[in-house]
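Novice: Residue numbering for the sequence shown follows numbering that gives the first Met the number 0, beginning at 0 and increasing consecutively.
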Amino acid sequence: MDIQWWHWLVFGLFLVVVELAAAGGFYVIFFGIAAILVGLLSSVGAAGSVGVQLILFSVLSVASLLLFRDALVQHFQGDPRATEIDQLVGEVAIVTEELQPGTVGKVELRGTNWSARTSTGAVLPRGTRCRVTSVDGLTLSVEPEGAGQ
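(1) Tell me the rounded alpha-carbon separation between L39 and W4.
(2) Kindly give me the distance between the Cβ atoms of R125 and T102, rounded to whole angstroms, as I take these residues to be in contact under 8 Å.
(3) Measure the alpha-carbon distance for T111 versus V134 and round it to whole angstroms.
(4) Report the CB separation of V91 from A115 in whole angstroms; it is logged as a contact under 8 Å.
(5) Quick check on the DSSP output: what are the complete alpha helix (DSSP H) runs of length 4 or more inside the segment 80-124, in order along the chain?
(6) With which residues is S42 paired in a DSSP beta bridge?
So, in structure tokens, the structure goes:
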């Protein structure tokens, strides 16, 4: 069986398209890139026989997967351990139950009531706009809007 250089390129492009159409685990793209590289090396006569090409494809695929996947996932998906609740920091909420220093009250954020504490020593009366400064479990720490500027 003879594998032409363009076979590798077509196979590699197919794998890249499969990765783009998939949910994004960033696995298949490394096999696609390796196939494209083997095709390019084969086109200039640097890849050798079919057996050498297959070994080169395998080594390039696995090595690039192990070396670059974590960085690629981190770049495109952010911290996989970060939860949506931690992304509430900086959001604006409305006090629905007066917040006294040292006590827990209620704020409304994104249409939902949350338990909240004031992160300053100030009393926050009902209706006050406040900004989330941190999240501790399901309790938000808030400060009056504009206080941290």
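Ideal Cβ placement from N, Cα and C applies to all residues, glycine included.
Specialist: Looking at the coordinates:
(1) 7 Å
(2) Actually they are not in contact, since the Cβ atoms of R125 and T102 sit about 14 Å apart, beyond 8 Å.
(3) Taking the straight line joining both Cα atoms gives about 15 Å.
(4) Rounded, the Cβ-Cβ distance is 12 Å, inconsistent with contact.
(5) none
(6) As computed with DSSP, S42 is found in no beta bridge at all.
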